[in-house]
Structure formats: structure tokens, C-alpha cells
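I have placed the structure first, in the form of C-alpha cells, so that the comments after it can refer back to it.
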Amino acid sequence: MSKTVGIKFRNSQRIQYLSSAGFVLKKGDKIIVMTDNGPLMGEVFIEPREMPFSCSQNSSMEVFRLPLEEEIKRHEQNCILEERVYRFCEQKIKEKHIPMVLSSVERLFDESKIVVSFTADGRVDFRELLKALVETFNVKIEIRQIGVRQKASMKGGLGPCGRALCCSSFLNEFVPVTIKMAKIQNVSLNPGKISGMCGRLMCCLSYEYDFYEKTKKKFPALGSKVGTKKGIGKVIRQDALKGMVTVMLESGELFNVVAEKDLVDNVVQAKNRSSKRGKKKKTKRGKNS
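First residue of the sequence shown: 200, per this note's numbering; consecutive thereafter.
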């Protein structure tokens, strides 16, 4: 059992869970966290508590120490500078008609540089913007293009399910999502219903894809003829969650059957094979005679 604390960084809506490292913390406290990109200042969002699963912690980060008062003041000044840079960038983008959408501005904790993030449909020439930023603020500037899914994870929001976006709450990496994942789950292919705030296919379409793919391999294909206790029919619908298929008999009657129990395996295929074998035998006998 280890005490885990939930923290948030500025320009991010995601709560990061990591070991409190023995520090006594309360909600709203500022802390210095060591990350792969160096030290960052975060804020305690969830106070330390006992967590039964160590996997809930982010092993790549840890609470390093508490910040000094001077560092907190410097952090507040950096936030003000970030707002100034953001407004300046918006103004220059409009003036120079640069085809880019500003996402965020962040000054690193060690004040080594300012990172400006943006989204765009393609490659963008931002050399004029970079030159104007360096001349105005006299600091090292890095302009970085990010994807729309990364932007959504930074901004946060609510999905159609009513919960916080997966990318801004718990997803650590983006998995490729394809339209095939929606089709195999019988989800409506209306773009407005299967697209997230980022405009891309929703990440949650990939969560149950492996289950559907594995389960539907055991089902007869749509449109195929199968044998049932009521006779031969055609499969017109599949329900992977219930393990059932809907069969339409030759009489037009519809009914649901359990795919692995109520279907008479290979009834139609066996009849077809036997009939083909019978025809072949007859043709052979005719030739011999």
C-alpha cells in the first residue's frame, strides 16, 4: 500500500497520479515534480491517500520537493508572461494571415525557453512569427506543431457519454482508430456520432474492438444460410454482446438464437456437399456405362 497524490500541471486538464514520497500535502499545494523533460511545478488536486494498486501511479514521475516562496512568485510571473506571449501570437497570426491555430504557451520551470504549440492542416512557415517573438521578448522560443488529438487532451472537455474526455483524463498514448472498429461494433457511421471533440474518430471505439473481432469470428457471416431447430434460415443480424444472431426463416419469420448452441453446425454446407458428391458419382457411373 502506497500513498498516491493526484496533481495537475498548467495547460493540462489531466490528473497525474504519483507517489507522494512521504510529503504531507493538501489540496492546492504547489510541488516540484521530476519528469522526463525536467522539473515542473504542479498543484495538488487530490490529497494523498492509500491506493491498493501501484499501477495507478505514474512511474515516470515523482514528487521531488516543495517549492520555495521565490519559485512560487517566479511561477506566477511566468504565467503572466505566458498570457502576454499568447495574446502577441494571436495578433501576429491575424496580421500575417498565418494558417495556424494557437493551442498553448508554456514557459519551462527553469526559464530556459518558451514553448508555443499550435495546430494546422499542413506544414506552416512560421519564421516571421518566431523572429517577432524573439525580438519582442528576448528569450529562446520554440514553436511546436501538435495534432488535434493532443490539443483536445490539453484543453479537456466532456464527451457525448457525459464524462471527461479519455485523452484528458487517463489515456497516456493515442492508439490508431479506424472506421472498421465502428463497423464491427454495429455503431452508426454518422460522423457526428462517432467523432470526438478533436474531429477524429473517438478513442473509445478501440476499447472493445478486440472482443468484437474475436467473438464475431465464431459467428456465421451475415447473409449466410444456417440450420436451426425451426429449419433453414439466413443470418441478418449479429449481437456480439449477447452472443446471439438473428435468423430469418424461409417463411419470413425472425427469431434470435444463441450462436454457439442453437445453430445446427454446417447443416446447409453438409447438404450441399452431399448433393455435389451424389452428382459426381452419377456422372462417373454414366461414363463407365
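By construction, the Cβ of each residue, glycine as well, lies at the ideal position given by its N, Cα and C atoms.
Rounded Cβ spacing between residue i and residue j (contact assumed at less than 8 Å)
| i | j | result |
| --- | --- | --- |
| Gly346 | Thr318 | 7 Å |
| Met443 | Val457 | 6 Å |
| Arg248 | Thr203 | 7 Å |
| Ala439 | Tyr411 | 5 Å |
| Lys312 | Pro266 | Going by Cβ atoms, the distance from Lys312 to Pro266 rounds to 20 Å, so no, they are not a contact pair. |
| Ser367 | Arg213 | 5 Å |
| Leu301 | Glu289 | 6 Å |
| Phe287 | Thr335 | 6 Å |
Same chain only: Cβ atoms within 8 Å of residue i, ignoring 5 sequence neighbours per side
| i | result |
| --- | --- |
| Cys278 | Arg209 |
| Ser394 | Leu400, Met401 |
| Leu357 | Ala363, Leu364 |
| Leu370 | Ser352, Cys402 |
| Val386 | Lys392, Ile393, Leu404 |
| Phe418 | Val434, Gln437, Ala439, Val444, Ala458 |
| Leu388 | Ile378, Ala381, Lys382 |
| Lys415 | Ile383, Gln437, Ala439 |
| Gly237 | Leu307, Phe308, Asp309 |
| Lys429 | Leu448, Glu452, Phe454 |
| Gly227 | Glu242, Val243 |
Chain-order list of residues whose beta-carbon lies under 7 Å from that of residue i (same chain, five-residue window excluded)
| i | result |
| --- | --- |
| Val467 | With a pLDDT of 46 at Val467, under the threshold of 50, the modelled position of that residue is not reliable, and no figure is offered here. |
| Asn465 | For Asn465, the predicted structure reports a pLDDT of 46, less than 50, and the residue's modelled location is therefore unreliable. The matter cannot be settled from this model. |
| Gly422 | Lys433, Val434 |
| Gln349 | none |
| Gly321 | none |
| Ser303 | Asn210, Ser316, Met353 |
| Lys470 | With a pLDDT of only 47 at Lys470, under the threshold of 50, the placement of this residue in the model should not be trusted; the figure read from the coordinates follows. Excluding residues within five positions, none has a Cβ falling inside 7 Å. |
| Glu452 | none |
| Ala331 | Lys291 |
Beta-carbon contacts of residue i that lie in its chain and below 6 Å, excluding the five residues immediately before and after
| i | result |
| --- | --- |
| Lys433 | Lys424, Met447 |
| Phe222 | Val262 |
| Met396 | Ala351, Gly356 |
| Glu305 | Asn210, Val314 |
| Phe325 | Ile342 |
| Asn455 | Met443, Thr445 |
| Lys339 | Lys312 |
7 Å Cβ cutoff met for residue i and residue j
| i | j | result |
| --- | --- | --- |
| Val284 | Ser219 | no |
| Val496 | Met299 | The requested residue 496 is not part of the displayed model; the chain covers only 200 to 488. |
| Lys225 | Glu242 | no |
| Leu307 | Met260 | no |
| Glu270 | Val314 | no |
| Lys295 | Glu327 | yes |
| Phe244 | Lys291 | no |
| Met240 | His274 | yes |
Residue interval of the alpha helix (DSSP H) (run including residue i)
| i | result |
| --- | --- |
| Leu332 | 326-336 |
| Lys270 | Position check: residue 270 holds Glu in this sequence, whereas Lys was assumed. From DSSP, the alpha helix (DSSP H) with Glu270 extends over 268-295. |
| Phe410 | 408-415 |
Endpoints, beta strand (DSSP E) assigned at residue i
| i | result |
| --- | --- |
| Phe317 | 313-318 |
| Asn455 | 453-457 |
| Ser303 | 300-306 |
| Lys229 | 229-234 |
| Phe222 | Element bounds for Phe222: n/a, residue is neither H nor E. |
| Ile431 | 430-438 |
| Val323 | Premise fails: Val323 is in no beta strand (DSSP E) and is neither H nor E. |
| Met260 | Run containing Met260: none; DSSP gives neither H nor E here. |
| Gly442 | Unbroken run through Gly442: none, as it is neither H nor E. |
For this session: Run through the stretch 345-401 for me and flag every whole alpha helix (DSSP H) of 4 or more residues, listed as ranges in chain order.
Result: 347-354, 365-368, 378-383, 390-393
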